Amino acid sequence: MDVMSSEEYASQSKLLLEFTNVPSIESAWLFKTNNEDRSTAMFSISQPDLLANNKRKYILHSHIVTHKTMPLECHWSPFPIEMTGVSVVPSPSGSKLLVVRNGEKGSRTRLQIVNQSHVEKEIHVDWSIHGPLYTDEWFQGISWNHEETSIAYIAEQPPQPKPAFDDAGYRKEISSEEDCNNWRGQGDWEEDWGETYSRKGRPSLFVLDIASGEVRAARDVTKSLSVGQVVWAPPSSSGHQKLLVFVGWLEHNGFQSTARKLGIKYCSNRPCSLYATHSPFEEEPNADNASVSGSESVSASVATNLTPGMSSALFPRFR
Numbered sequence: 001m002d003v004m005s006s007e008e009y010a011s012q013s014k015l016l017l018e019f020t021n022v023p024s025i026e027s028a029w030l031f032k033t034n035n036e037d038r039s040t041a042m043f044s045i046s047q048p049d050l051l052a053n054n055k056r057k058y059i060l061h062s063h064i065v066t067h068k069t070m071p072l073e074c075h076w077s078p079f080p081i082e083m084t085g086v087s088v089v090p091s092p093s094g095s096k097l098l099v100v101r102n103g104e105k106g107s108r109t110r111l112q113i114v115n116q117s118h119v120e121k122e123i124h125v126d127w128s129i130h131g132p133l134y135t136d137e138w139f140q141g142i143s144w145n146h147e148e149t150s151i152a153y154i155a156e157q158p159p160q161p162k163p164a165f166d167d168a169g170y171r172k173e174i175s176s177e178e179d180c181n182n183w184r185g186q187g188d189w190e191e192d193w194g195e196t197y198s199r200k201g202r203p204s205l206f207v208l209d210i211a212s213g214e215v216r217a218a219r220d221v222t223k224s225l226s227v228g229q230v231v232w233a234p235p236s237s238s239g240h241q242k243l244l245v246f247v248g249w250l251e252h253n254g255f256q257s258t259a260r261k262l263g264i265k266y267c268s269n270r271p272c273s274l275y276a277t278h279s280p281f282e283e284e285p286n287a288d289n290a291s292v293s294g295s296e297s298v299s300a301s302v303a304t305n306l307t308p309g310m311s312s313a314l315f316p317r318f319r
C-alpha cells in the first residue's frame, strides 16, 4: 500500500469515528409539571459501538424552563444513563415507567412497572403466550392507554406446536422437548422477514392488563397480517370504547400477490395500511355503534382497514 492510499484510509477512518461519536435521538417524551413554566423531557438516544458491532442506548433527562420575555432554558442531566438489555417507555403522565427485559429464546419475558421510587409490579410472560417484544425501529410499538391501566405492544407470535413421533408413530399427546423417547418434526414452514428479523416470530399485537397481570392477544387480527407501531385511540365520548390503531403488512404484499418480505430493513417501501381493533379485554362490541373518529364501523370479528384507498400508511398519531 502506497503512502497516499494509507493516508486516505486513515482520513476516512477518522471521519467515520467522528460520525459515530454523534448520538441519535430515537424517542422523546415531554411531561408537564405543577409549575406552568417548567416541564421535564426524557430522551432515548443511541450511538454505534463499532467494536461490538451493535448500538449503545442511553436515557437522558432535561428540565425545561420557559419565560415570557427570555429565551427557553434547558437544564440537562450531567451524564446519560446507559440502558443495557432493556427497553423503557414512560406512561403519559410520567409517573410510571415500563421496563421490558426480553429473555433468551424459549425463556420468559419480564415486564416491570416502575413507580417514581420503586418497582410496583413485575409480570413474567411465558413463551407459550408470546416471545420477546419487538424493540427495533420498524415493527416496535409500545403504547400506554390514557388511564394508564393497560399497555399494548408488539411481540413475537409463539411457535406452533411441532408434531411428535416415537417408535409407534405419531403421538397426539404433547411431550417435553427433552423427552429422549421421541423426536419432533419441523411443522409448517412460515416465512419470516429475514435479515435482522431472521428466526423471529411473526409480529403480533398483545395487551397487558396491569392490575391483573394478564396478557391477551388481539382477537381480530388475521394470521396473514404482520403488525407494528400500535397506539391507543383517544377514548370515545361515552368512554367505553377502547380501540387500538396499528400498521399492518399483509403476507402477500408483492407483485401479483406474491410474498415480498426480504429487505424491509433497508428498503421499507412495502404496501401497508392502518387498522383498528378493539382491546381484547373489552366485551364484544356492537358493530353498529363502533366507530373511529367518524369513520366506518369497526367490526367485532376482524380488524378494520382504515386506509383502504392508500397503498402505504405508517406511524399513526393522535393529537
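Going by full-length UniProt numbering, the sequence shown opens with residue 1, and the numbers climb by one from there. Glycine included, each C-beta is placed from N, C-alpha and C at the ideal position. Just so we're clear, the structure is a prediction, and the values are computed from it rather than from any experiment.
Residues bridged to residue i [DSSP beta-bridge criterion]
| i | result |
| --- | --- |
| Glu214 | Asp209 |
| Pro203 | Glu156 |
| Ile113 | Leu98 and Lys121 |
| Ile59 | Ser44 and Ile81 |
| Ser150 | Asp209 |
| Ser39 | Lys32 and Ile64 |
| Asn145 | Answer by DSSP bridge pairing: none, since Asn145 is not bridged. |
| Leu250 | Leu225 |
| Asn54 | Asp49 |
Contact set for residue i: own chain, Cβ-Cβ below 8 Å, skip 5 residues either direction
| i | result |
| --- | --- |
| Gly294 | Low confidence applies to Gly294: its pLDDT is 43, below 50, so where it sits in the model is not reliable enough to give any reading. |
| Thr222 | Val302 and Ala303 |
| Pro158 | Trp127, Ser128, Ile129, His130, Gly131 and Gly201 |
| Thr258 | His252 |
| Val292 | Legend: pLDDT at Val292 = 46, less than 50; position of this residue unreliable, no value from coordinates given. |
Spatial neighbours of residue i in its chain, beta-carbon cut-off 6 Å, leaving aside the 5 residues before and after
| i | result |
| --- | --- |
| Ser226 | Arg202, Pro203 and Trp249 |
| Leu15 | none |
| Glu251 | Ser224 |
| His124 | Arg108 and Arg110 |
| Thr277 | Ala218, Asp220, Leu244 and Ala303 |
| Ser311 | Pro271 |
| Val215 | Val125, Ile129, Phe206 and Leu208 |
| Pro308 | none |
| Leu262 | Gly194 |
| His75 | His63 |
| Glu282 | Lys242 |
8 Å Cβ cutoff, residue i in contact with chain C
| i | result |
| --- | --- |
| Pro235 | This model lacks chain C altogether; it includes just one protein chain. |
Beta-carbon separation (whole angstroms), residue i vs residue j, contact threshold 8 Å
| i | j | result |
| --- | --- | --- |
| Arg101 | Val86 | 6 Å |
| Ile59 | Ile151 | Between Ile151 and Ile59 the Cβ distance is about 19 Å, and since that is not below 8 Å, they are no contact. |
| Trp193 | Ile264 | 6 Å |
| Leu274 | Ala233 | Contact doesn't hold; Cβ gap of about 11 Å is too wide. |
| Phe206 | His130 | 6 Å |
| Ile64 | Ala41 | 6 Å |
| Thr196 | Asp136 | 7 Å |
| Glu121 | Gly213 | According to the sequence provided, residue 121 is Lys. The question's Glu does not apply to it. Their Cβ separation, rounded to whole angstroms, is 7 Å, which keeps Lys121 and Gly213 in contact under 8 Å. |
| Gly103 | Pro132 | 7 Å |
Per-residue burial, residue i [other beta carbons within 10 Å of its own, 16 or more giving buried]
| i | result |
| --- | --- |
| Gln12 | exposed |
| Leu306 | buried |
| Pro280 | buried |
| Gln116 | exposed |
| Ile154 | buried |
| Asn145 | buried |
| Pro316 | buried |
| Val119 | exposed |
| Val3 | exposed |
| Tyr266 | exposed |
| Val22 | exposed |
| Leu72 | exposed |
| Asp288 | The predicted position of Asp288 is uncertain, since its pLDDT is 48 and thus under 50; a value taken from the coordinates is nonetheless stated next. Label assigned to Asp288: exposed. |
Reduced DSSP secondary structure (H/G/I, E/B, other) of residue i
| i | result |
| --- | --- |
| residue 391 | This structure does not reach residue 391, given that the chain is present from 1 up to 319, and the question cannot be answered. |
| Val227 | strand |
| Val88 | strand |
| Val245 | strand |
| Val65 | strand |
| Asp2 | coil |
| Thr277 | strand |
| Val26 | Just to set this straight, residue 26 is Glu in the shown sequence, not Val. Looking at Glu26 - three-state DSSP - the assignment turns out to be strand. |
| Pro316 | coil |
| Glu137 | coil |
| Ser236 | coil |
| Glu283 | coil |
| Glu73 | strand |
| Thr307 | coil |
| Ala10 | helix |
| Ser268 | coil |
| Ser257 | helix |
| Glu190 | coil |
| Glu195 | helix |
Beta-carbon contacts of residue i that lie in its chain and below 7 Å, excluding the five residues immediately before and after
| i | result |
| --- | --- |
| Glu148 | Ser91, Pro92, Ser93 and Lys96 |
| Arg56 | Ser46, Gln47, Asp49 and Glu82 |
| residue 340 | Nothing about residue 340 can be reported from this structure: the residues present for the chain run from 1 to 319 only. |
| Asp126 | Arg108 |
| Asn35 | none |
| Leu30 | Ser39 and Ala41 |
Any non-hydrogen atom of the ligand ZN closer than 7 Å to residue i Cβ
| i | result |
| --- | --- |
| Ile123 | The model on display carries no ligand, and the ligand ZN is accordingly not part of it. |
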